[in-house]
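Q:
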Amino acid sequence: MSSKFDHKAAEARWQAAWEAAGSFAANDASPKPKAYVLEMFPYPSGRIHVGHVRNYTMGDVIARTRRAQGYEVLHPMGWDAFGMPAENAAMARGVHPGGWTRDNIAAMRTQLKGLGFALDWSRELATCEPDYYGQEQALFLDLLAAGLVYRKESAVNWDPVDMTVLANEQVIDGRGWRSGAIVERRRLSQWFLRITDFADELLDGLATLDNWPEKVRLMQENWIGKSQGLRFTFHFSPACLASGVGSSLPASFRPAGFDVFTTRPDTMFGASFAALAPDHPISLALAENNPGLAAFIAECRAGGTATADIEGQEKKGYDTGLSVVHPLEPGITLPVFVANFVLMDYGTGAIFGCPAHDQRDLDFARKYMLPVPRVVAPDGVDAPIHADAYTGRGTLINSRFLNGLSIDTAKAEVITRAETQGWGTGTTVWRLRDWGVSRQRYWGTPIPIIHCDDCGAVPVPKAQLPVILPEDVTFDVPGNPLDHHPTWKHVACPVCGKPARRETDTLDTFVDSSWYFIRFASAPANQPFDRAIAEKWLPVGQYIGGVEHAILHLLYARFWTRALNRIGRLGVTEPFAGLFTQGMVTHETYARAQGEGFAPLYFSPDEVDRSSSGATLRSDGAPVEVGRIIKMSKSKKNVVDPDRYIAEYGADAVRWFVLSDSPPERDLAWSVAGIDGAWRFVQRVWRLAEDVIAGNGETDLKLGRTLHRAIAAITADIDRLQFNKAVARLYELVSAIERAPASSTRAESVTMLLILCAPMVPHLAEAGWALRGQSGLIADAPWPVADAALLVDDSVTIAIQINGKLKDSFEAAKGADRAAIEAEVMAREKVIRALEGRAPKKIIVVPDRLVNLVA
RNA sequence: GUGGACGUGGCGAAAUUGGUAGACGCAGCAGACUUAAAAUCUGCUUCCCCCUGUGGGAGUGCGGGUUCGAUUCCCGCCGUCCGCACCA
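Sequential numbering of the first sequence, starting at 98, is according to my numbering.
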């Protein structure tokens, strides 16, 4: 009588049923409590990969559970549809980025629907469509009007072959990742968002995000990088100016000195030199009349781009011959170097060097034979400095009025003096930079600005939005197609009407993903969002995605939300109340060595037969080596396509597998054995669902207890996103029901089992629900509540330890008193034997748990 | 370099405030059913020792410590992974 669960029929039937019933459409006007569950929307690269499946399955379990628990759930899906891969495809294959992207969206939408996710497809959006990016342009103009957007010239990585700007991560060993051309540093006028205005609140806000992983909060904290210290001016010494060295500066640029920033003002008396960044205006000015310095600066620029070799890079400097006066010791002057380790874009681009208490300064001082005055002594005992700078705690020495003070007191003292005497101020410096959003790319949101020779950069009037990206572009010429489009950029100035040019840069795609969660909540045609409706849903209750977005996306979205809040558009400051970062899906690799000096030849899982003992290549039957389980990547050929498994094993088995075994924050190794196991579970539940014997109406207290304990545990596990534990509990419940004799409790348990596993395997649950004659959809069935009376047993197992080692155990009534327990323990044969006649020195009784005899 | 996380069977992993380590799954072994296979079901499965039992011992990366009792708390090592990286 038992049949196999027909996943293909069930998927088609129940997906259609949910759609017909509008089961997962979120109702803005619902009086129910709201739950906004969101997974990071995908880039439409072409196909769904298993990482997506894991991500969206987790979100789906939460969304379906919340819905069953009586929440009005918003669980939307959309497409992060602008970006470079579409342009690369256009260049490589001659297709249009728009057509390529929209085809991919259609394919991936079909795949997602096939997995049966409880998504509100009526709210679907794609960032590449004018109804989305047009509203983004409107928000950009609002931020511009509020002074949160500005334009400045800044250095960029320029690929002279592709004629485009590259992000830092697209520059590999100083070359463009696509063209291989040596990247130039160019200065371009670019648009910036004032994220640094929000540095303090973005940092403080992290403390309120209790439902974020500690790790992500730390990463953001470090990225924002708050440092407090002293900013002060070094004046050039009269002597060096008088000697004529000062005239080495061009006549047009004769500053009296320069500013430096330090977090260690306590070590002022340990200064032995000052150093400027190679790109510092004074360095550049000096280089105009100094070929040696110009060569040194060129050398500094050449290196440095590659990531790893910074560590080993030698500290190098160029003595400018200039000197500056120590602000606390006017009699002392310090030599001024241009040094390769000083960064122009942090602090003021200039430092004072205190070799005794800073490792880089020490390396530099040793190389150029500079003095190393010690000013902090551990425990007040001065000790010579050799190869390592002393950066620990201690008290000040050799520092006049600071002597004997602690580091912190000395810092405060120096800042107070500097401020009183007017030569410096206590300052906060941030690592965070303003967000440059200009991209010299076609496939992105056009920046809604018109450049007029007379009026400057003029915002496009809102009535003229959206600025539509033209479709008739070509990619046969390198560079930005918008720039060489024949007509698009030529427009009249909105202010004076004279011929003017559109901005041809587009916005960083991180802008698109900085507010899509608001547009999901409310998407009117005539404005970016309806404030009242958006505020009903926001913040997102549970956001789920990969750690790779721990910094940029999550920081930008937090900034954008706060910016909208500041300009009075939205009463929300933090967009994501709960964040969960899931692990990657990994897979074994299969390879054959190709001999000394050659990379191994990799094979995809589809080309390999895997048994428990090893693997063989299907085409020749000979073995291949089974390698490490690593992140899926095209180069290692260990990528699996979920479609194949959905077709063969069914969406439910795939969903069940990605939730099983590994904790969701950890990596999950994909394996055929694992998916086989998931398929077996689906069939086991199906057999139970088919078994409609109700028994003789008797109840089964033991099974009832098991059921209600399972309800309590599974509910708690899903609540904490511990899906692997919920899965284990469901296996236990299935085993218990299978073993239980027929009874009314057993029949009820099967029905409850279906509700409990419905968030994970929804098609199976619906099919079983219908099979058992339940009315309506299981998707509408309320989540069970555990009966507290059934969660407690009347007997407990008490463990007996002697000196902490387990010796025996016995059943006792719950809550039995201490004397009775002790008497039982002392009478037990194993205890008598183990004690060998000795009386225990001490008896520790933990009620209802254990007894420990100290012998 | 620096900040952080983690380390438990053959494998993925469980283990409320410190209280019976290894739940659950995978793989494996044995058995039942079958002409046979698949499927399914039952049992075993941390390691070592022996007198094979209702037996003994060890065991959560390594070394210490606190405690009646430590996978859990503290200190020091070793290893793996991740972030940032010349940040003054």
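The beta carbon of each residue, even a glycine, is placed where N, CA and C say it ideally should be. Computed from a prediction, not measured in an experiment: that's the story for all the values here.
For D259, which residues in the same chain have their Cβ closer than 7 angstroms to its Cβ, ignoring the five residues on either side in sequence?
A: G273, R275, S276, P575.
Q: DSSP state of Q232, grouped into three classes?
A: If DSSP states are grouped into helix, strand and coil, Q232 belongs with the helices.
Q: Which runs of the alpha helix (DSSP H), 4 residues or longer, sit entirely within the stretch 840-918?
A: Here the runs fully enclosed are 841-854, 859-868.
Q: Quick check on D315: does DSSP put it in helix, strand or coil?
A: Note that residue 315 corresponds to Leu in the displayed sequence, not to Asp. If DSSP states are grouped into helix, strand and coil, L315 belongs with the helices.
Q: Taking the C-alpha atoms as reference points, what is the distance between H104 and A775?
A: Computed Cα separation, rounded: 13 angstroms.
Q: How about the stretch 863-879 and the stretch 759-768: do they share at least three Cβ pairs that are nearer than 8 angstroms?
A: Flag = no, the stretch 863-879 and the stretch 759-768 do not touch.
Q: Nearest-angstrom Cα distance between R248 and S286?
A: Going from the Cα of R248 to the Cα of S286 covers about 7 angstroms.
Q: Between H805 and A750, which are expected to be in contact by the criterion C-beta below 8 angstroms, what is the C-beta distance as a whole number of angstroms?
A: Incorrect: roughly 28 angstroms between the Cβ atoms, too far for contact.
Q: I'd like to know whether the C-beta atoms of A453 and G367 end up nearer to each other than 9 angstroms.
A: Yes, they are a contact pair.
Q: Check whether the stretch 430-446 and the stretch 367-377 are in contact - that is, three or more C-beta pairs closer than 8 angstroms.
A: At 8 angstroms Cβ cutoff, the stretches touch.
Q: Taking 9 angstroms as the threshold (C-beta atoms), are L850 and V779 in contact?
A: The answer is no: Cβ separation not under 9 angstroms.
Q: To which residues of the same chain is T360 closer than 6 angstroms at the C-beta, ignoring the five residues directly before and after it?
A: Result list for T360: S324, G326, in chain order.
Q: Pick helix, strand or coil for D706, following the three-state DSSP scheme.
A: Strand at D706.
Q: Which residues does DSSP list as the beta-bridge partners of W52?
A: Coverage of the chain is limited to positions 98 through 952, which leaves residue 52 absent and any answer about it impossible.
Q: Looking at A507: is its Cβ nearer than 9 angstroms to the Cβ of P362?
A: Yes, they are a contact pair.
Q: Please determine if the stretch 179-199 and the stretch 528-541 are in contact, where contact requires at least 3 C-beta pairs separated by less than 8 angstroms.
A: Yes, the stretch 179-199 is in contact with the stretch 528-541.
Q: Can you list the beta strand (DSSP E) stretches of 3 or more residues lying completely in the stretch 663-716, in chain order?
A: The qualifying runs are 676-679, 682-684, 687-689, 698-700, 705-707, 712-714.
Q: Kindly give me the distance between the Cβ atoms of Y962 and F138, rounded to whole angstroms, as I take these residues to be in contact under 8 angstroms.
A: Because the chain spans 98 through 952 in this model, residue 962 falls outside it and cannot be assessed.
Q: Ignoring anything shorter than 3 residues or poking outside the stretch 239-314, list the beta strand (DSSP E) runs there in chain order.
A: If we require 3 residues or more, the beta strand (DSSP E) runs fully inside the stretch 239-314 come out as 246-256, 261-263, 281-290.
Q: Are the stretch 123-139 and the stretch 623-641 touching, with three or more C-beta to C-beta distances below 8 angstroms?
A: As far as the Cβ criterion goes, the stretch 123-139 touches the stretch 623-641, which means the pair count is three or higher.
Q: Out of T198, L853, V435, N254, point me to the one whose CA is closest to C397's CA.
A: Looking at the Cα atoms, V435 is the closest of the given residues.
Q: Can you give the Cα-Cα distance for T683 and D788, rounded to whole angstroms?
A: Each residue's alpha carbon lies about 38 angstroms from the other.
Q: Nearest to H548 by CA position, among C593, P352, E184, R935, is which residue?
A: Checked all of C593, P352, E184, R935; the closest Cα to H548 is C593.
Q: Starting from the Cα of W783, find the closest Cα among R802, R514, T848, A719 and give me that residue.
A: Residue T848 is the option with its Cα nearest to W783.
Q: From P335 to D416, what does the alpha carbon distance come to, in whole angstroms?
A: Roughly 18 angstroms between the two C-alpha positions.
Q: Where are the alpha helix (DSSP H) runs, 4 residues long or more, that stay fully inside the stretch 357-416, in chain order?
A: Correct list: 378-385, 388-399.
Q: Which residue marks the beginning of the alpha helix (DSSP H) containing N949, and which one marks its end?
A: Premise fails: N949 lies in the beta strand (DSSP E), 947-951, not in any alpha helix (DSSP H).
Q: Runs of 3 residues minimum, wholly inside the stretch 472-542: which ones carry the beta strand (DSSP E) assignment?
A: You should have 521-527.
Q: I'd like the list of long-range same chain contacts for V422, defined as Cβ closer than 6 angstroms, with 5 residues on each side in sequence excluded.
A: The residues are H332, S334, T430.
Q: Closer than 7 angstroms by C-beta to V150: which residues in its own chain qualify, once you throw out the five before and the five after it? Chain order, please.
A: Counting only Cβ-Cβ distances below 7 angstroms, and skipping sequence neighbours, we find L212, P739, V751, V755.
Q: Assuming L800 and A844 are in contact, meaning their beta carbons sit under 8 angstroms apart, how far apart are those beta carbons, in whole angstroms?
A: L800 to A844, Cβ: 11 angstroms. No contact.
Q: To the nearest whole angstrom, what separates the beta carbons of L299 and R655, a pair I think is in contact under 8 angstroms?
A: The Cβ separation is near 6 angstroms, so the contact holds.
Q: Give me the Cα-Cα distance between P760 and V858, rounded to the nearest whole angstrom.
A: Approximately 18 angstroms, taken between the alpha carbons.
Q: Would you call K734 buried or exposed, if buried means 16 or more other Cβ atoms sit within 10 Å of its Cβ?
A: Label assigned to K734: buried.
Q: What residues in its chain sit with their C-beta under 8 angstroms from that of A618, if we drop five residues either side in the sequence?
A: Same-chain partners within the cutoff: Y133, L171, F626, I630, A631, K633, W634, L635.
Q: Please classify A67 as buried or exposed, where buried requires at least 16 neighbouring CB atoms within 10 angstroms.
A: The shown model of the chain, from 98 to 952, leaves out residue 67, and the question about it has no answer.
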